[in-house]
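Residue numbers (our numbering): 107 to 346.
Shown next, in structure tokens, is the structure this report addresses.
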Amino acid sequence: MHESIAQVLATQGKWRLAYSHLNEALRLARDTQGVTPLIPEQYQRQVDELRRAHAEAVDASLRDALTASYNRRYLDQKLDTLLAEQPRDGKGIAVGLIDLDHFKQVNDTHGHLVGDRVLQQVVALLQADLPAGSFCARYGGEEFVLVLPEVSPWFAVTTLERARARVAEHNWSKIVPELAITISAGLAHRPGWELPQRDAEWQLRRADDLLYAAKRAGRNVVAYRKSGAIRIAGLDDTCR
């Protein structure tokens, strides 16, 4: 009976249900006859395609449609997981909150289509040199977040400073003549031994405070904390 139902469902394109009924038919055949018939290749192929489509749909639900970076939903989920699982004896986790400087002027002057191209290129530049396990997510509007697990404070500062420099030095005139784009960033690093455990929102607030410090310092800089004091990469250290 299950095999007949599976055939009907298959003709209707309902491959997942068909596969379920076929599996039940195979189980009954195995229990009563002591043998396991082979699953028809057509069923297996269609189910594999359904699984791939499902995986792609899940990934798409966690991506920003414009930039293909991860979205806020993924950021909140993944960052909370990383913070909760961070080993006490590990190097720590860094969160960089990045904002495009004067981006509203780009949209107002050149239009949103140009603005969209700028956002896409900025994401490509931010992701160009990320260490394994790190990721970029769109935080909202022209703000993005870089998450770097298991990195030292110095490595995190250096990584963000290099990303800032790539954006500043990029040839933006390929999009619009004489266009210049820079970013400001606030970098919050949490060492593995730091207690109590904090969630993603708390870590992002720390990075946001430092982003404002970067803007107060004149923009196009990376702000971070060292020994409790706010530092600017390249001014208070030798990153640049």
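Think of the CB as a built atom: it goes at the ideal place given N, C-alpha and C, for glycine as much as any other residue.
Rounding to the nearest angstrom, what Cα-Cα distance links residue i and residue j in this structure?
i: Ile-199; j: His-216; result: 38 Å
i: Tyr-245; j: Thr-173; result: 12 Å
i: Leu-252; j: Lys-280; result: 26 Å
i: Leu-266; j: Gly-247; result: 20 Å
i: Trp-260; j: Glu-130; result: 58 Å
i: Arg-194; j: Ile-338; result: 28 Å
i: Asp-170; j: Ser-333; result: 36 Å
i: Ala-269; j: Ser-126; result: 49 Å
i: Arg-94; j: Trp-278; result: In this structure the chain extends from 107 to 346, so residue 94 is not present and cannot be described.
i: Cys-345; j: Tyr-180; result: The predicted position of Cys-345 is uncertain, since its pLDDT is 45 and thus under 50; a value taken from the coordinates is nonetheless stated next. The straight-line gap from Cα to Cα measures roughly 30 Å.
i: His-108; j: Arg-158; result: Residue placement at His-108 is flagged as unreliable, the pLDDT there being 49, under the threshold of 50; the coordinate-derived value follows with that caveat. Approximately 25 Å between the Cα atoms of the pair.
i: Val-328; j: Asp-205; result: 11 Å
i: Asp-222; j: Val-282; result: 13 Å
i: Glu-300; j: Glu-256; result: 14 Å
i: Asp-235; j: Asp-182; result: 22 Å
i: Arg-331; j: Val-164; result: 37 Å
i: Arg-296; j: Arg-304; result: 9 Å
i: Pro-237; j: His-218; result: 32 Å
i: Asp-315; j: Gly-324; result: 15 Å
i: Glu-340; j: Asp-207; result: Correcting the residue type first, residue 340 is Gly in the shown sequence and not Glu. Approximately 18 Å between the Cα atoms of the pair.
Rounded to whole angstroms, how far is the Cβ of residue i from the Cβ of residue j, which I believe are closer than 8 Å?
i: Ser-258; j: Lys-197; result: 5 Å
i: Ala-243; j: Leu-254; result: With 8 Å as the limit, Ala-243 and Leu-254 do not qualify as a contact, their Cβ atoms being about 12 Å apart.
i: Arg-322; j: Ala-294; result: No, Arg-322 and Ala-294 are not in contact; Cβ-Cβ is about 16 Å, not under 8 Å.
i: Ala-335; j: Gly-292; result: At roughly 14 Å, the Cβ-Cβ gap does not stay under 8 Å, so Ala-335 and Gly-292 are not in contact.
i: Asn-359; j: Ala-274; result: Because the chain here runs from 107 to 346, residue 359 falls outside it and cannot be looked at.
Answer yes or no: do residue i and residue j have a C-beta to C-beta separation smaller than 8 Å?
i: Ala-232; j: Ala-306; result: In the sequence as displayed, the identity of residue 232 is Leu instead of Ala. Taking 8 Å as the Cβ cut-off, Leu-232 and Ala-306 do not qualify as a contacting pair.
i: Phe-209; j: Val-229; result: no
i: Ile-287; j: Val-224; result: yes
i: Leu-203; j: Leu-317; result: yes
i: Pro-185; j: Tyr-176; result: According to the sequence shown, residue 185 is Leu rather than Pro. No. Outside cutoff.
i: Gln-211; j: Gly-298; result: no
i: His-276; j: Gln-226; result: no
i: Val-201; j: Gln-309; result: yes
In terms of residues, what are the limits of the alpha helix (DSSP H) holding residue i?
i: Lys-332; result: Note, Lys-332: premise wrong, no alpha helix (DSSP H); beta strand (DSSP E) at 328–332.
i: Tyr-180; result: 178–191
i: Ala-174; result: Per DSSP, Ala-174 belongs to no alpha helix (DSSP H) and is neither H nor E.
i: Ala-368; result: This structure cannot settle anything about residue 368, because the visible part of the chain is limited to 107 through 346.
The beta strand (DSSP E) spanning residue i covers which residue range?
i: Ala-320; result: No beta strand (DSSP E) holds Ala-320; the alpha helix (DSSP H) holding it covers 306–322.
i: Ile-336; result: 335–338
i: Ile-289; result: 289–296
Under the criterion of a Cβ to heavy atom distance below 7 Å, does residue i qualify as lining the ligand ZN?
i: Ala-161; result: What this structure holds is no ligand at all, so the ligand ZN is not there to describe.
Sequence ranges, beta strand (DSSP E) only - wholly within the segment 193–252, length at least 3: 199–206, 241–246
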